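*Asks:* So for the sequence shown, our numbering puts the first residue at 2; every next one is plus one. Ideal placement from N, C-alpha and C gives every residue a C-beta, glycine not left out. What you are looking at is a predicted structure, and each value in this text was computed from that prediction instead of being measured.
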Amino acid sequence: MGEFEIYFIASFEDWLVDEMSRLMPQLSSAPAPNRHLLNQVLGDQNEMVIVVRSDDPQYLVGFGALCVYVSPSGYHAHIEDVVVDEDERGKGIGEEIIKALLSAATDKGIEGVSLTCNPRREEANRLYQKMGFKKWDTNNYWYDL
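Okay, structure coming up:
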């Protein structure tokens, strides 16, 4: 990756709010995390957020999260909110984010990891399949509260 640094965020840093707010619209229409939400996420031992930044220490190139949870069927992990700045795509950054998240799941003893990806994100879908993710034929539902 050369000029980029990839690492897990251990605690809240002010600049993350603005940078995640800049990148989140490139992923979805979901609102960007505010300070309070980001503090909650980073304080949750079952969530891990990885960031990629450039030589400018406050310029975020990409990020992603691993959410670990337990249910009656066992321990599970889900990859969430993976995004790479559109100006930096095609450089292997997304793949490095996914590899780091999979490694973290392995370290936690998780046997498999799920993720979802909008079909319109063709490059991301190709990447996940190239990395060995198998398309899981299931229905995905959402209920607005």
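1) Please determine, among Val-114, Leu-61, Leu-146, the residue with the shortest C-alpha to C-alpha distance to Lys-136.
2) Could you check which residue in Asp-15, Thr-117, Phe-134 has the C-alpha nearest to that of Tyr-147?
3) Roughly how far, in whole angstroms, is the beta-carbon of Glu-96 from the beta-carbon of Leu-128, given that I think they are within contact range, below 8 Å?
4) Can you grab the Cα-Cα spacing for the pair Val-69 / Gln-46, in whole Å?
5) Beta-carbon separation of Ala-33 and Val-18 under 9 Å?
6) Return the CA-CA distance between Ser-29 and Glu-124, expressed in angstroms with no decimal places.
7) So, helix, strand or coil for Asp-108, using DSSP?
8) Can you say whether Arg-54 is buried or exposed, counting buried as having 16 or more other CB atoms within 10 angstroms of its CB?
9) Classify Val-83 as buried or exposed, calling it buried when 16 or more other Cβ atoms lie within 10 Å of its own Cβ.
*Replies:* Considering the structure as presented:
1) Residue mapping note: residue 136 aligns to position 135 of the sequence shown, counting from 1. Ranking Val-114, Leu-61, Leu-146 by Cα distance to Lys-136 puts Val-114 first.
2) Shown here, the chain extends from 2 to 146; a query on residue 147 therefore has no answer.
3) On the sequence shown, position 95 is the one that residue 96 refers to. On the sequence shown, position 127 is the one that residue 128 refers to. Their Cβ separation, rounded to whole angstroms, is 6 Å, which keeps Glu-96 and Leu-128 in contact under 8 Å.
4) For the purposes of this step, residue 69 is taken as the residue at position 68 of the sequence shown. For the purposes of this step, residue 46 is taken as the residue at position 45 of the sequence shown. About 9 Å.
5) Within the sequence shown, residue 33 is the residue found at index 32, counting from 1. Within the sequence shown, residue 18 is the residue found at index 17, counting from 1. Yes.
6) Locating residue 29 in the sequence shown gives position 28, where the first residue counts as 1. Locating residue 124 in the sequence shown gives position 123, where the first residue counts as 1. Roughly 15 Å between the two C-alpha positions.
7) Locating residue 108 in the sequence shown gives position 107, where the first residue counts as 1. Helix.
8) Locating residue 54 in the sequence shown gives position 53, counting from the first residue. Label assigned to Arg-54: buried.
9) Here residue 83 is taken as the residue at index 82 of the sequence shown, counted from 1. Label assigned to Val-83: buried.
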